[in-house]
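Please read the structure below before turning to the comments.
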Amino acid sequence: MSRRQCNRDEASIANSLLASLPRAEYRRLLAGLDLVTLKFGEVLHEPGAPIRYVYFPIDRVIALLTTVPGHQALKIGLIGHEGMVGSPLALGVRSSPRRALVQGTGTAMRMKSSLFRKEIRGSKPLQQAVYRFKHALIGQIAQSAACKQFHSVKARLARYLLMTGDRARSKEFRLTHEFLARMLGVRRAGVTIAAGALEKRKLIKCGRGRITILDRQRLGAASCECYQIIKRIYDDSPRAKG
Ligand SMILES: [Zn+2]
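The sequence shown maps to residues -5 to 236 in this note's numbering.
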């Protein structure tokens, strides 16, 4: 087995959706997957434009943004190693109403959308895995809408950092206050105050465009309950095992 092949095998397993598939399904899909590097700020698909590739993230987070003319795009969901980008294709829809924006630099497995459409038509385990993920993602988006309405910027920021950490499998991220303000749909000053409060309690550390989670447990206590509600939605969507 070549080194490239070996790296690709290991990387695929690092995506939990792919890892949940029966081994035979997984081996077959592998032939159509490429390991790619995602760059901070890269757009994987734009609203209404054809989805050219699907992505299975490994160690970075992709934000789903909804756009409203005359306003900044608003983050409505986060996708990491537990899922995929381009899931509308599984429902027979060839474009997404949302923008998919890469947060941080990392890696993902990528497949051409034409091949993915073919694969999902012929694979019940892949269909089930993608539908389960899609169900959880819809739950996340719905809970995030309630969260924005009812909870403080500080609690939402704590939840956002925890969710980013879970999906990127990391405690440190490249995130500026300006970027966070866009993601949370608030003014930058609001993020600075909220982050300052979390930093003062030594829950996080900010500097040079990076944020580090110092105390995950206490950051969880500072988050609103939406973090646990969303986590349960994903935990209750059991994966296929083969
Ligand atoms: Zn909340």
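Quick reminder that beta carbons are idealized off the backbone N, C-alpha and C, glycines included.
Just so we're clear, the structure is a prediction, and the values are computed from it rather than from any experiment.
Best match in Leu11, Leu95, Leu12 and Leu85 for proximity to glycine 35 [C-alpha to C-alpha]
Leu95
Specify, as a first and last residue, the run of the beta strand (DSSP E) that proline 82 falls within.
No beta strand (DSSP E) contains proline 82, which DSSP labels as neither H nor E.
How should methionine -5 be labelled, buried or exposed, when 16 other C-beta atoms within 10 angstroms of its C-beta is the threshold for buried?
Any reading at methionine -5 is ruled out, since the residue's pLDDT is 47, under 50, leaving its predicted position unreliable.
With C-beta atoms as the reference, is serine 10 less than 7 angstroms away from alanine 130?
no
Valine 87 classed as buried or exposed, judged by whether at least 16 other C-beta atoms fall within 10 angstroms
exposed
Pick from Phe50, Ala43, Lys148 and Leu72: whose alpha carbon is nearest that of arginine 181?
Lys148
C-alpha gap between leucine 192 and arginine 153, whole angstroms
12 angstroms
Integer-rounded CB distance, given that leucine 156 should sit under 8 angstroms from leucine 213:
6 angstroms
At which residue ranges does the region 186 to 227 contain complete alpha helix (DSSP H) runs of 4 or more residues, listed in the order of the chain?
210 to 216
If glycine 26 and arginine 161 are in contact, beta carbons under 8 angstroms, what's the gap, nearest whole angstrom?
Not confirmed; about 24 angstroms, so no contact.
Using the beta carbon as the reference atom, which residues fall closer than 5 angstroms to any heavy atom of ligand 1, ordered along the chain?
Cys141, His145, Cys218 and Cys220
Give a yes or no on contact between the region 53 to 64 and the region 105 to 120, applying the rule of three or more CB pairs nearer than 8 angstroms.
no
DSSP three-state label for serine 10, please.
helix
State the Cα-Cα distance for the pair alanine 216 and lysine 142, rounded to the nearest angstrom.
16 angstroms
At a cut-off of 6 angstroms, would you count alanine 136 as near ligand 2, judging by its Cβ distance to the nearest heavy atom?
Questions concerning ligand 2 fall outside what the structure shown contains, since the ligands it does hold are ligand 1.
Give the straight-line distance between the Cα atoms of threonine 101 and alanine 140, rounded to the nearest whole angstrom.
31 angstroms
Flag this pair as yes or no: are the beta carbons of arginine 104 and tyrosine 20 separated by less than 7 angstroms?
no
Measure the alpha-carbon distance for arginine 210 versus threonine 158 and round it to whole angstroms.
12 angstroms
By Cβ distance below 7 angstroms, which residues in the same chain neighbour leucine 38 in space, the five residues on each side in sequence not counted?
Tyr49, Ile56, Val79, Ala94 and Val96
Rounded straight-line distance, which links the Cα of proline 119 to that of leucine 178
35 angstroms
What did DSSP end up calling proline 63 once you bin it into helix, strand or coil?
coil
Helix, strand or coil for threonine 170, going by three-state DSSP, please let me know.
coil
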